[in-house]
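*Asks:* The structure is given below, and queries will be raised subsequently.
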Amino acid sequence: MCPNSRQLVNLYAETIGGWSRPLILTAAFVPMFSTTLTCVDGYPRALAACCSLIGDLPPKRFRQIQNLWTILAVCSASLVVLFFVQNLVQLLTFAAIISFMTSPILAYINYRVMCGANVPAAQRPGPILKTLSWLGLAFFTLMAAGFLFATFVHRG
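Numbering (the working numbering), first residue to last: 51 to 206.
Listed below in structure tokens is the structure:
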């Protein structure tokens with residue numbers, strides 16, 4: 051257990067009582083474990099489906115693409131944890147940067163998939179939703195640029 055998590059568990063255990071320590075540990079572990087499973091399984095699966103649809107790839111390639119995304123996700127996450135294990139503030143900053151930087155990319159992938167040939171014409175977004183999508187994409191891009199500016203350029 052890392053020092054910060056031990057401190058958190060001790061804080062709750064001292065307030066509620068020593069009997070609550072196993073309950074607190076379980077309550078802290080289960081969401082982190084389920085989030086890890088979601089990131090290791092669900093995220094690569096969704097990205098593989100998007101890549102397959104956008105690239106119009108045969109179904110047998112889906113598993114290969116999913117495995118590639120899974121390996122990339124696990125390796126990237128492991129490196130991030132190893133690099134930031136001692137400084138949680140830097141970890142949170144890094145996570146925020148990644149979130150801001152990936153949102154325009156994921157929004158564009160979603161737009162491409164929803165406007166692609168795999169979605170029936172009657173179910174594709176109309177002109178208003180397409181315009182709203184592009185405005186949202188511009189908003190995500192501006193927010194990412196603003197966040198990077200505020201984080202790295204304007205530190206005053």
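Glycine residues also receive a C-beta, built at the ideal position from the N, C-alpha and C atoms. Source: prediction; values computed, not measured.
(1) Give me, in chain order, the residues of the same chain whose beta-carbon lies closer than 6 Å to that of S153; leave out the 5 immediate sequence neighbours on both sides.
(2) Mind checking I115: buried by the 16 CB within 10 Å criterion, or exposed?
(3) Comparing alpha-carbon positions, which option in I121, A78, I74 and L73 lies nearest Y93?
(4) Taking the C-alpha atoms as reference points, what is the distance between A78 and P72?
(5) Quick check: the stretch 154-171 against the stretch 121-140, are at least 3 beta-carbon pairs closer than 8 Å?
(6) Assuming Q186 and I104 are in contact, meaning their beta carbons sit under 8 Å apart, how far apart are those beta carbons, in whole angstroms?
(7) Looking at I147: is its Cβ nearer than 9 Å to the Cβ of T85?
(8) Which whole-angstrom value is the C-beta distance of P170 and S183, which I expect to be below 8 Å?
*Replies:* This is what the structure gives:
(1) Taking the first residue of the sequence shown as position 1, residue 153 is located at position 103. So the qualifying residues of the chain are F190.
(2) Position 65 of the sequence shown, counted from the first residue, corresponds to residue 115. Counting Cβ neighbours within 10 Å, I115 comes out buried, since at least 16 surround it.
(3) Residue mapping note: residue 93 aligns to position 43 of the sequence shown, counting from 1. If we check each option's Cα against that of Y93, I121 comes out closest.
(4) If you number the sequence shown from 1, residue 78 lands on position 28. If you number the sequence shown from 1, residue 72 lands on position 22. Within the model, the alpha-carbon separation for A78 versus P72 is close to 10 Å.
(5) Segments in contact, no.
(6) Numbered from its first residue, the sequence shown carries residue 186 at position 136. Numbered from its first residue, the sequence shown carries residue 104 at position 54. Residue identity differs from the one stated: residue 186 is Gly in this sequence, not Gln. Contact flag wrong, Cβ pair sits at about 19 Å.
(7) Here the question's residue 147 lines up with position 97 in the sequence shown. Here the question's residue 85 lines up with position 35 in the sequence shown. Between I147 and T85, the C-beta spacing is not below 9 Å.
(8) One-based indexing of the sequence shown puts residue 170 at position 120. One-based indexing of the sequence shown puts residue 183 at position 133. The beta-carbon distance between P170 and S183, rounded to whole angstroms, is 18 Å. This is too long to meet the 8 Å contact definition.
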